[in-house]
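**Q** Sharing a structure here in C-alpha cells format.
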Amino acid sequence: MKIGDKITGTISGVQSYGVFVKIDDEHQGLIHISELKHGFVSDLNNQYKVGDQVDVIVMGIDEYNQKVSLSIRALHPQKIGRPILHKHFWTNYRDHIGYKTIATHKEAWINGAMKLISEKKQKNSTFL
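Under this note's numbering, the residue at position 75 of the sequence shown is numbered 686, and the numbers go up by one with no gaps.
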C-alpha cells in the first residue's frame, strides 16, 4: 500500500470526527470528516454503518504509528457551482456610463471637501 492507491475497506467505527476503516488484518485508517465528501456533512451515523464496504484513496501513511489517512472525497471530482448563464457587468454598458458619471461630479466633490477642510483650519486657528 502506498499514497494514491485506491483500495476497498470495511467500516469498523463511526465517530463525530470521521469514519474508521479496516483495510486489512494489520492496517486501519481514518477518513476525516473533511475527506468524506465535498461540502457539508450532516450526520455520519445516518450515512455510514459499521460493516459497510467503502472505496477509498490513501492520502497519507504514518509509518511510525501505522496509521493511514484515507479519503472518499478524492474519488469524486468536485462540481463547482452552477453554470454561468450570463455575464454580469458592474456598469450599465449599454448606456455607456460608469466612471464617466463619477468623473463629471468628481471635481465638485473635491472642491467641496477642500472648502470644508479650509473652513475647519480657519475655525481652529481662531481659537489659538
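No residue lacks a Cβ here, since even glycine has one placed at the ideal position from N, Cα and C.
Quick check on Ser653: does DSSP put it in helix, strand or coil?
**A** The residue given as residue 653 occupies position 42 in the sequence shown. Coil, per DSSP.
**Q** For Lys648, which residues of its own chain have a beta-carbon under 6 Å away from its beta-carbon, when the five flanking residues on both sides are left out?
**A** Position 37 of the sequence shown, counting from 1, holds the residue named residue 648. Cβ within range, chain order: Arg684.
**Q** Quick check on the burial criterion: 16 or more other C-beta atoms within 10 angstroms. Buried or exposed for Val661?
**A** Residue mapping note: residue 661 aligns to position 50 of the sequence shown, counting from 1. Val661 comes out exposed.
**Q** Along the chain, where does the beta strand (DSSP E) that runs through Met612 open and close?
**A** As a position in the sequence shown, residue 612 is number 1, starting the count at 1. Segment: none, Met612 is in no beta strand (DSSP E) and carries neither H nor E.
**Q** Give the secondary structure of His716 by DSSP, where H, G and I count as helix, E and B as strand, and everything else as coil.
**A** Sequence index remark: in the sequence shown, residue 716 carries index 105 (1-based). Helix.
**Q** Identify whether Lys633 lies in helix, strand or coil by the three-state DSSP scheme.
**A** The residue given as residue 633 occupies position 22 in the sequence shown. Three-state result, Lys633: strand.
**Q** By alpha-carbon positions, which one of Thr712, Leu686, Ser627 ends up nearest to Ser653?
**A** Position 42 of the sequence shown holds residue 653. It is Ser627 whose Cα lies nearest to the Cα of Ser653.
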